[in-house]
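Engineer:
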Amino acid sequence: MYSANRRRNIEREERMLLREKREQAAGKLLQKVPQLTSLNLEIRETRPNSAMNETQYIRRVVVEHAHALFEMPCSYSSCDNGGYDVTQEILRGLASRTARFEGECACRGSCGGECCSRVLRYVATATYRSPEA
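Adding 37 to a residue's 1-based position in the sequence shown gives its number in this note's numbering.
1. Measure the beta-carbon distance from residue 128 to residue 143 and round it to whole angstroms, keeping in mind my assumption that it falls under 8 Å.
2. Examine chain D for any beta-carbon lying closer than 8 Å to the beta-carbon of residue 160, and answer yes or no.
3. Just to confirm before moving on: does the CB-CB distance between residue 124 and residue 63 stay below 8 Å?
4. Touching or not, the stretch 70-77 and the stretch 106-124, by the rule of three or more beta carbon pairs under 8 Å?
5. Rounded to the nearest angstrom, how far is the Cβ of residue 79 from that of residue 165, given a contact under 8 Å?
6. Just list the residues that DSSP pairs residue 138 with in beta bridges.
7. What residue range is occupied by the uninterrupted alpha helix (DSSP H) comprising residue 50?
8. Note down the Cα distance separating residue 52 from residue 46, rounded to an integer number of angstroms.
9. Going along the chain, which residues of its own chain have a beta-carbon closer than 6 Å to the beta-carbon of residue 110, five neighbours each way excluded?
10. Near residue 48, which residues of its chain fall below 6 Å by C-beta distance, leaving aside the five closest residues on each side in sequence?
11. At what residues does the beta strand (DSSP E) containing residue 97 begin and finish?
12. Could you spell out the range, first to last residue, of the beta strand (DSSP E) harbouring residue 79?
13. Which residues in the same chain have their Cβ closer than 6 Å to the Cβ of residue 146, if we skip the five residues on either side of it in sequence?
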């Protein structure tokens, strides 16, 4: 029988391997959007109808090395299997060469048998090379 810590480590390793497989399947960001030169994501995670317990950060994407996968974990410690996948929305915005776009996504996890109520809102700011370059 595994100890609780050993079990958590095994689960974490499995999640990391699955993430690596998803990254490989997604391909590189520059293959999808070759004119992209920079991408910043302003992230705000909240509970619906609440300004309390907000998590805010800026994710600066290293375009030269990034995979075309935009998944973020839920920051709520009691959330199981939570997170946000905004890959399709962000790739659509980048494919249309939009300089600034935003969106939101509900957490797909659960807390104590109920759906996690956290919501991730993002504002993406991108720059592109001119088509002639």
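For glycine and all other residues, C-beta sits at the position ideal for the given N, C-alpha and C.
Structural biologist: The structure says:
1. Not really, about 19 Å apart at Cβ, beyond 8 Å.
2. Any reference to chain D falls outside this structure, which holds one protein chain only.
3. Result yes, Cβ atoms of residue 124 and residue 63 sit closer than 8 Å.
4. no
5. Not confirmed; about 19 Å, so no contact.
6. 161
7. According to the DSSP assignment, residue 50 belongs to the alpha helix (DSSP H) that extends over 41-63.
8. 10 Å
9. 120
10. No residues qualify anywhere along the chain.
11. 92-98
12. 73-83
13. 111, 116, 117, 118, 119 and 153
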